[in-house]
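Written below as structure tokens is the structure these notes are about.
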Amino acid sequence: MSRRWYFRKIKRIEAEKKLLLPENDHGAFLIRDSESRHNDYSLSVRDGDTVKHYRIRQLDEGGFFIARRTTFRNLQDLVEHYSKDADGLCVNLCKPCVQVVIVGNGAVGKSSMIQRFCKGTYTRDYKKTIGVDFLEREIEVDGEDVRLMLWDTAGQEEFDAITAAYYRGAHACVLAYSATDRDSFDAIPSWKLKVQIFLVQNKIDLVDQSVIDPDEAERLSRALGCKLLRTSVKEDIGVMSVFRHLASRCLHEMRRSDDDYQDDLRLYSAEPRSPSVISAFSPDGSMCGRNAGNGTIILRPGGKTKSHKKRNFVKNACRLL
Numbered sequence: 001m002s003r004r005w006y007f008r009k010i011k012r013i014e015a016e017k018k019l020l021l022p023e024n025d026h027g028a029f030l031i032r033d034s035e036s037r038h039n040d041y042s043l044s045v046r047d048g049d050t051v052k053h054y055r056i057r058q059l060d061e062g063g064f065f066i067a068r069r070t071t072f073r074n075l076q077d078l079v080e081h082y083s084k085d086a087d088g089l090c091v092n093l094c095k096p097c098v099q100v101v102i103v104g105n106g107a108v109g110k111s112s113m114i115q116r117f118c119k120g121t122y123t124r125d126y127k128k129t130i131g132v133d134f135l136e137r138e139i140e141v142d143g144e145d146v147r148l149m150l151w152d153t154a155g156q157e158e159f160d161a162i163t164a165a166y167y168r169g170a171h172a173c174v175l176a177y178s179a180t181d182r183d184s185f186d187a188i189p190s191w192k193l194k195v196q197i198f199l200v201q202n203k204i205d206l207v208d209q210s211v212i213d214p215d216e217a218e219r220l221s222r223a224l225g226c227k228l229l230r231t232s233v234k235e236d237i238g239v240m241s242v243f244r245h246l247a248s249r250c251l252h253e254m255r256r257s258d259d260d261y262q263d264d265l266r267l268y269s270a271e272p273r274s275p276s277v278i279s280a281f282s283p284d285g286s287m288c289g290r291n292a293g294n295g296t297i298i299l300r301p302g303g304k305t306k307s308h309k310k311r312n313f314v315k316n317a318c319r320l321l
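Numbering (UniProt numbering), first residue to last: 1 to 321.
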């Protein structure tokens, strides 16, 4: 099953953490595999500051239902129905739960990259990220306004419980390492990636201190099958390029999803409706040790504009880890 609202085997507590993130509004939802009954599903819906859960049962003859008075041929029909009419739920289903991520060892410049991109500032002082915070910036990409919401979240071991929940369920990733930190480069292959990624080498201004040969970086990029980008957050070199490439890729995926989505709706004889979310970035597997940190990027609709096209969508969280 390939739907933006389907989060597979995540647990109830993880669903609640995702849905209660600030980028998710009242009515945000996801569907996950039931933890207690094989072949059944659970619908998790944000209702204000809480999350409510509903069991989706499967009929012996095929189809699904939450309340027996209303049955559906498939989960897509169920989502369409409850998006138009709460029909006994706490709220109409709104937008699918959103999320996206950028990963790498600690002290490679991820938080600084967020600060540079969003505020145009840079500080030499290194501080481990604690808890969760975010910044945002709106840019124009391919004639459309894209708002990037960048989450800066903790990565050290004592905050694994916070960050692990952010990693799951996304569809693309940016890997960051430092030109002056061999361990951060060597750690890249240890991430078990199953998503589209960008590889970013930061601190390229420190040429004399570099411990990564350019050819090594190119080989790793080819081995991972991803684009290599080089930045200096301190000197503000290449930072904008990273996020423009990211936003452009996400827009491309969204346009393709639009076509697939409309085809599916025609197949199900349902009323066409533009999808509101695209995911991006998240590693699936082990975390990068004690100093791993992260941040997240979310694309949201920008303000009204007369000069170019406006796209109404919310982007999954792209985190810098």
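Glycine included, every Cβ here is placed at the ideal spot set by N, Cα and C.
When the distance is taken between beta carbons, is residue j closer than 7 Å to residue i?
i      : j      : result
LEU175 : ILE188 : yes
CYS94  : GLY27  : yes
VAL51  : LEU19  : yes
PHE7   : LEU30  : yes
VAL211 : LEU229 : no
ASN39  : GLN58  : yes
GLY225 : THR231 : no
Measure the alpha-carbon distance for residue i versus residue j and round it to whole angstroms.
i           : j      : result
ARG32       : GLY143 : 35 Å
ARG222      : ILE197 : 12 Å
VAL233      : ALA15  : 34 Å
SER83       : ILE10  : 22 Å
ASP85       : LEU43  : 15 Å
LYS17       : HIS245 : 29 Å
ALA247      : ILE13  : 30 Å
residue 333 : ARG4   : The requested residue 333 is not part of the displayed model; the chain covers only 1 to 321.
GLY88       : PRO214 : 59 Å
ASN202      : LEU220 : 15 Å
SER274      : THR123 : With a pLDDT of 36 at SER274, under the threshold of 50, the modelled position of this residue cannot be trusted; read the value that follows with caution. About 41 Å.
GLU218      : GLY63  : 49 Å
GLU35       : ASP208 : 54 Å
MET240      : MET113 : 10 Å
ILE297      : HIS252 : Only weak support exists for where ILE297 lies, its pLDDT of 42 falling under 50; the coordinates are left without a value.
THR41       : ARG182 : Note on residue identity: the sequence assigns Tyr, not Thr, to residue 41. Looking at the two C-alpha atoms, the distance is approximately 44 Å.
ASP125      : ARG37  : 51 Å
Closer than 7 Å by C-beta to residue i: which residues in its own chain qualify, once you throw out the five before and the five after it? Chain order, please.
i      : result
SER184 : GLY104, ASN105, VAL108, TYR177, SER178
THR180 : LYS203, LEU206, GLN209, SER210, VAL211
With DSSP as the reference, please indicate the residues paired to residue i in a beta bridge.
i      : result
ASP33  : TYR41
ASP47  : THR50
LEU199 : LEU175, LEU228
PRO96  : PHE29
PHE7   : DSSP, once it has assigned bridges, lists no residue as partnering PHE7.
PHE65  : ARG57, THR71
Which residues in the same chain have their Cβ closer than 8 Å to the Cβ of residue i, if we skip the five residues on either side of it in sequence?
i      : result
CYS90  : VAL45, ASP47, LYS52
GLU216 : PHE185
ASP25  : ARG46, CYS94, LYS95
ASN92  : GLY27, TYR82, SER83, LYS84, ASP85, ALA86
Beta-carbon within less than 6 Å of residue i's beta-carbon, same chain only, minus the 5 sequence neighbours each way: which residues are those?
i      : result
TYR54  : LEU43, ILE66
GLU235 : ASP205
ARG249 : none
- Decide if the stretch 104-121 is in contact with the stretch 68-76; the criterion is three or more beta carbon pairs, one per stretch, under 8 Å apart. no
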